[in-house]
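In order, the protein sequence lines correspond to chains B and C. Using our numbering, you'd call the opening residue of the first sequence number 125 and step up by one each time. Using our numbering, you'd call the opening residue of the second sequence number -15 and step up by one each time.
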Amino acid sequence: MSEPILSRNFSVPEAWKLSVAEGRGAYQTAKTVLTTMKPEDVTNAVLASNLRGLGGAGFPTGKKWQFLPKDGKKPVYLVINADEGEPGTFKDRYILERDPHQLIEGILLAAYAIGSKKAYIYIRGEYVLPYRHLQAAVDEAYARNYLGKGVFGTGIDVDLVVHRGAGAYICGEETALLNSLEGWKGYPRLKPPFPAIVGLFGCPTIINNVETIACVPHILKNGAEWFAALGSPGNGGTHLFSVSGHVEKPGVHELPMGTTLRDMIFKHAGGISGGRSLKAVIPGGISAKILTASEIDVKMDYDSLRAAGTMLGSAGVMVMDETTCIVKMLYYAAKFFAHESCGQCSPCREGTGWAFKIVKRIYRGEGAVRDLDELLKIARGMEGRTICVFADAAAWPIQSYIGKFRAEFEEYIRSKGTALARPVSPYKPQAAAPAVSTLVRSGARRLPER
Amino acid sequence: MTIKTADLKAALASLDAEAAKIVAKYDEKRAATLTLLHLGQDKIGHVTPEVEEWVARWTDQPVVRIRAVVTFYSMYHQAPVGRHHIRFCMGTPCVLRGCEKLLDHVKTKLGIENGQTTPDGRFSLEEAECLCACEGAPMMQAGDDYHLDLDDKKIDSILEKLK
Chain B
125 MSEPILSRNF SVPEAWKLSV AEGRGAYQTA KTVLTTMKPE DVTNAVLASN LRGLGGAGFP
185 TGKKWQFLPK DGKKPVYLVI NADEGEPGTF KDRYILERDP HQLIEGILLA AYAIGSKKAY
245 IYIRGEYVLP YRHLQAAVDE AYARNYLGKG VFGTGIDVDL VVHRGAGAYI CGEETALLNS
305 LEGWKGYPRL KPPFPAIVGL FGCPTIINNV ETIACVPHIL KNGAEWFAAL GSPGNGGTHL
365 FSVSGHVEKP GVHELPMGTT LRDMIFKHAG GISGGRSLKA VIPGGISAKI LTASEIDVKM
425 DYDSLRAAGT MLGSAGVMVM DETTCIVKML YYAAKFFAHE SCGQCSPCRE GTGWAFKIVK
485 RIYRGEGAVR DLDELLKIAR GMEGRTICVF ADAAAWPIQS YIGKFRAEFE EYIRSKGTAL
545 ARPVSPYKPQ AAAPAVSTLV RSGARRLPER
Chain C
-15 MTIKTADLKA ALASLDAEAA KIVAKYDEKR AATLTLLHLG QDKIGHVTPE VEEWVARWTD
45 QPVVRIRAVV TFYSMYHQAP VGRHHIRFCM GTPCVLRGCE KLLDHVKTKL GIENGQTTPD
105 GRFSLEEAEC LCACEGAPMM QAGDDYHLDL DDKKIDSILE KLK
């Protein structure tokens, strides 16, 4: 790929400041579009670009916008999901911290397209520096009348509020995010009604991911056809892939949709650290099913990865070399899901807890081979039985790690956790035991009372 | 060390002007709940019953509803924490790059376990889920700041600087 698009300002010093961003062309597209194009033309361009929701679901963005009621009397809200929390994903942090004006310009265009006068950005609470840069950028945009009443001297009003979360993975789920933004626990809502009909404060709402919205200025500047041609069929544009784990060059790699996983790891991320060999890859955040070293010729786009039995998800690519203990990886994945279940639906609240207990037993060297089938049974009991897809996401690592590495699990169990070489971090029974008392079953985490 | 209720109320009252501005930004008062809890906690150090009552008053909600919110989110502390609260990332990419050994190092150095505070009130430790800075794994957050590409020495020098 020739030139970076979304990441073009990531290494420019202080690009989060308006003067620097404007020197790099920020807001030019929004100024032109808001004064010369009709809102429906913006939506049509986004539709034609094959832009798909880059937060994980991959739903066509233009189509989502068209779900809004046509002659609604209620206000329309635009909500930006900046609650990045999917383990292995860090791309949105780069946009928020290093190039927030790119996002704000996208918000102006999206708000114009959907007829929204008020937008909220929900940013995860732990992102303090990204929040400071983003808020500073919003303040500067207000001062220059790029936000607020009558932006760019037009009759268009766009208000933007940056809202900080408070530490709950589930709030990345869009309806949980709405409840959280309304000041409540992050409980996902039953759908339908979809947020486009009944969303924030009961009004029609469009929720888009940070990176998705950051694509919009580029689509309108360079054309929908240009954007569509960058990716693979039906999957427009480039994507910010977060590559981590055992690679020489971990980081955000902007690559066209449809780049093969092999090229991503060996060409762009510098190959496996220390010249060791590849064992497995999780291609789309912790929720995505694991791929073995023999499955990496898959193209990294929504449709190809679905066909390969996994998903692109948040494009968090976690690379594991030959020294990786898959049992340990399942232990930490199961711990994560048990920790972060919001507790609203029984199959998820109980299932993630049971699964974690069993995986912990195995990891400690106290497991039995029949535990593996019990885990698969629990996973089946969680999948597709809850309000949101969290339970499904919790089931997939269990199913795929055991499904693809069953022999390793059985060997681990038979040898009571002593047979496999784990040079990265040797197994220590005491240290491996987590403080279960700090795990509150509602899904909330807190420090114990002293 | 206990702070008197009257002092807490005075401290919170000093935030009223800012609270009014925050509430005005939202379309409905209750939407300011999380933001006001952050504000109150930053001032007091943790979320006390007085903070909950203050947020309840500003957002026009029963205190029990604020309490439910406080217990749901990991960032609200219901008991005092250290001056420097450490979130040590235990996400998959950090585990892949050896965070377990480093966590042991931190625990040994500070003499505390997950969820505890040092007796001098300087540090508290929380084993965190993925903080989404995996390019710099293993990593941790000390107070507001992210520290990436950790090793024993780097951890020592970071902790040393936090008084």
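By construction, the Cβ of each residue, glycine as well, lies at the ideal position given by its N, Cα and C atoms.
(request) Under the assumption that K380 (chain B) contacts A393 (chain B) (Cβ atoms under 8 Å), give the Cβ distance between them as a whole number of angstroms. (result) Taking the first residue of the first sequence as position 1, residue 380 (chain B) is located at position 256. Taking the first residue of the first sequence as position 1, residue 393 (chain B) is located at position 269. The residue you asked about is not Lys; residue 380 (chain B) is Pro in the sequence shown. About 15 Å; that fails the 8 Å criterion.
(request) Please look up how many angstroms separate the CB atoms of A290 (chain B) and H22 (chain C), rounded, as I've assumed it's under 8 Å. (result) Looking up residue 290 (chain B) in the first sequence gives position 166. Looking up residue 22 (chain C) in the second sequence gives position 38. Indeed they touch by this definition, with Cβ atoms about 7 Å apart.
(message) Once the 5 residues before and after D427 (chain B) are set aside, which same chain residues still bring their CB inside 7 Å of it?
(response) Stepping through the first sequence from its first residue, residue 427 (chain B) is reached at position 303. Around D427 (chain B): G358, N359.
(request) Using a cut-off of 9 Å between C-beta atoms, extract the partners of L178 (chain B) located in chain C. (result) The residue you call residue 178 (chain B) lines up with position 54 of the first sequence. The premise fails here: L178 (chain B) is roughly 15 Å from chain C at the closest Cβ pair, so nothing lies under 9 Å.
(message) If you reduce the DSSP assignment to three classes, tell me which class A320 (chain B) lands in.
(response) In the first sequence, residue 320 (chain B) corresponds to position 196, counting from 1. Note: A320 (chain B) maps to coil in three-state DSSP.
(request) Compare the C-alpha of A243 (chain B) against each of B:P254, B:Y251, B:G249, B:I228 and name the closest. (result) Within the first sequence, the letter at position 119 stands for residue 243 (chain B). Minimum Cα distance to A243 (chain B) is reached at B:I228.
(request) Identify the continuous beta strand (DSSP E) that holds D129 (chain C) and give its terminal residues. (result) By one-based count along the second sequence, residue 129 (chain C) stands at place 145. Taken as a continuous stretch (DSSP letters only), the beta strand (DSSP E) holding D129 (chain C) covers 129 to 131.
(request) Drop a sphere of 10 angstroms on the beta-carbon of V340 (chain B), count the other beta-carbons inside from all chains shown, and report buried for 16 or more, exposed for fewer. (result) Locating residue 340 (chain B) in the first sequence gives position 216, counting from the first residue. Buried: at least 16 other Cβ atoms inside 10 Å.
(message) With a threshold of 8 Å between beta-carbons, can S366 (chain B) be considered close to chain C, or not?
(response) Numbered from its first residue, the first sequence carries residue 366 (chain B) at position 242. Judged by the 8 Å Cβ criterion, S366 (chain B) is in contact with chain C.
(message) Could you check whether the region 231 to 246 of chain B touches the region 194 to 207 of chain B, counting it as contact only if at least three pairs of C-beta atoms, one from each stretch, sit closer than 8 Å?
(response) yes
(message) Does the contact criterion of 3 or more C-beta pairs under 8 Å hold for the region 94 to 103 of chain C versus the region 214 to 229 of chain B?
(response) no
(request) Determine, using beta carbons only, whether V285 (chain B) and Q259 (chain B) come nearer to each other than 8 Å. (result) Looking up residue 285 (chain B) in the first sequence gives position 161. Looking up residue 259 (chain B) in the first sequence gives position 135. Against a cut-off of 8 Å, the Cβ pair of Q259 (chain B) and V285 (chain B) comes out as no contact.
(request) State the CB to CB distance for the pair E208 (chain B) and G409 (chain B), rounded to an integer number of angstroms; the pair is presumed to be in contact (CB under 8 Å). (result) Sequence index remark: in the first sequence, residue 208 (chain B) carries index 84 (1-based). Sequence index remark: in the first sequence, residue 409 (chain B) carries index 285 (1-based). Not a contact, Cβ separation roughly 10 Å.
(request) Using a Cβ-Cβ cut-off of less than 8 Å, give me the residues of the region 17 to 28 of chain C that come near chain B, in sequence order. (result) T17, L18, T19, L21, H22
(request) Locate the beta strand (DSSP E) running through T167 (chain B), then write down its first and last residues. (result) Residue 167 (chain B) sits at position 43 when you count from the first residue of the first sequence. First-last for T167 (chain B): 163 to 172, but that is the alpha helix (DSSP H), not the beta strand (DSSP E).
(message) Counting only Cβ-Cβ distances shorter than 9 Å, please list the residues of the region 416 to 442 of chain B near chain C, keeping chain order.
(response) G440, M442
(message) By the 7 Å beta-carbon criterion, what residues does the region 33 to 57 of chain C contribute toward chain B?
(response) T43, A52, V53, T55, F56, Y57
(message) Out of B:S411, B:G399, B:A300, B:I396, which one is the CA nearest neighbour of E323 (chain B)?
(response) Reading the first sequence from its first residue, position 199 is the one you call residue 323 (chain B). The sequence shown places Gly at residue 323 (chain B), not Glu. Nearest of B:S411, B:G399, B:A300, B:I396 to G323 (chain B), Cα basis: B:A300.
(request) Sort B:S304, B:P319, B:I526, B:Q226 by Cα distance to W189 (chain B) and report the nearest one. (result) Translated into positions along the first sequence, residue 189 (chain B) becomes position 65. For W189 (chain B), the nearest C-alpha among the options comes from B:P319.
(message) Counting only beta-carbon separations shorter than 8 Å, does G395 (chain B) have a partner in chain C?
(response) Reading the first sequence from its first residue, position 271 is the one you call residue 395 (chain B). Chain C contact via Cβ: absent.
(request) Below 8 Å on the Cβ atoms is my guess for A292 (chain B) versus G310 (chain B); work out the distance and round it to an integer in Å. (result) The count along the first sequence starts at 1 and reaches residue 292 (chain B) at position 168. The count along the first sequence starts at 1 and reaches residue 310 (chain B) at position 186. Between G310 (chain B) and A292 (chain B) the Cβ distance is about 5 Å, and since that is below 8 Å, they are a contact.
(message) Counting only Cβ-Cβ distances shorter than 8 Å, please list the residues of the region 282 to 300 of chain B near chain C, keeping chain order.
(response) V285, H287, R288, G289, A290, G291, A292, Y293
(message) Measuring alpha carbon to alpha carbon, tell me which residue in B:E138, B:M453, B:A139, B:Q468 is nearest R313 (chain B).
(response) The count along the first sequence starts at 1 and reaches residue 313 (chain B) at position 189. When only C-alpha atoms are compared, the closest one is B:Q468.
(request) Tell me, to the nearest whole angstrom, how far the beta carbon of L402 (chain B) is from that of A417 (chain B); I am working on the premise that it is less than 8 Å. (result) The residue you call residue 402 (chain B) lines up with position 278 of the first sequence. The residue you call residue 417 (chain B) lines up with position 293 of the first sequence. Contact flag correct, Cβ pair sits at about 4 Å.
(request) Could you tell me which of B:P471, B:V483, B:Y536 sits nearest to F460 (chain B), measuring between CA atoms? (result) If you number the first sequence from 1, residue 460 (chain B) lands on position 336. The shortest Cα separation from F460 (chain B) among B:P471, B:V483, B:Y536 belongs to B:V483.
(request) Return the chain-ordered list of same chain residues with a C-beta closer than 6 Å to the C-beta of S304 (chain B), the five sequence neighbours on each side being excluded. (result) Within the first sequence, residue 304 (chain B) is the residue found at index 180, counting from 1. Closer than 6 Å at the Cβ level, and outside the excluded window around S304 (chain B), lie C295, G310.
(request) Have a look at K162 (chain B) and Y236 (chain B) and give me their C-alpha separation to the nearest angstrom. (result) Your numbering for residue 162 (chain B) matches position 38 in the first sequence. Your numbering for residue 236 (chain B) matches position 112 in the first sequence. Going from the Cα of K162 (chain B) to the Cα of Y236 (chain B) covers about 9 Å.
(request) Determine whether the Cβ of P128 (chain B) lies closer than 8 Å to any Cβ atom of chain C. (result) Taking the first residue of the first sequence as position 1, residue 128 (chain B) is located at position 4. No - not a single Cβ of chain C is within 8 Å of the one on P128 (chain B).
(request) Output the distance between the C-alpha atoms of I502 (chain B) and M388 (chain B), rounded to the nearest integer angstrom. (result) The residue given as residue 502 (chain B) occupies position 378 in the first sequence. The residue given as residue 388 (chain B) occupies position 264 in the first sequence. Spanning the two alpha carbons is a distance of roughly 34 Å.
(message) Using DSSP's beta-bridge definition, name the partner residues of I204 (chain B).
(response) Here the question's residue 204 (chain B) lines up with position 80 in the first sequence. Answer is B:I245, B:N332, bridged to I204 (chain B).
(message) Taking its Cβ as the centre, do 16 or more other Cβ atoms sit within 10 Å of T362 (chain B), making it buried, or is it exposed?
(response) To locate residue 362 (chain B), count along the first sequence from 1; it is residue 238. T362 (chain B) comes out buried.
(message) Any beta carbon of chain C sitting closer than 8 Å to that of A237 (chain B)?
(response) Walking along the first sequence from the start, residue 237 (chain B) turns up at place 113. With 8 Å as the cut-off, A237 (chain B) does not count as an interface residue toward chain C.
(request) Show which residues of chain B have a CB atom less than 8 Å away from the CB atom of K145 (chain C). (result) As a first step, residue 145 (chain C) is located in the second sequence; it is residue number 161 there, counting from the start. Here the premise fails: no neighbours, minimum Cβ distance about 17 Å.
(request) Kindly indicate which residue of B:G249, B:R485, B:T510, B:W350 has the alpha-carbon position closest to the one of G107 (chain B). (result) Residue 107 (chain B) lies beyond the stretch modelled for chain B, which goes from 125 to 574, so this question has no answer here.
(request) Enumerate in chain order the residues of its own chain whose CB-to-CB distance from E534 (chain B) is below 7 Å, with the five nearest sequence positions on each side excluded. (result) The sequence position of residue 534 (chain B) within the first sequence is 410, counting from 1. Same-chain partners within the cutoff: V493.
(request) Might you give, ordered along the chain, the residues of its own chain that have their beta carbon closer than 8 Å to the beta carbon of K138 (chain C), omitting 5 neighbours on each side? (result) Here residue 138 (chain C) corresponds to residue number 154 of the second sequence, with the count starting at 1. Excluding sequence neighbours, K138 (chain C) sits near H131.
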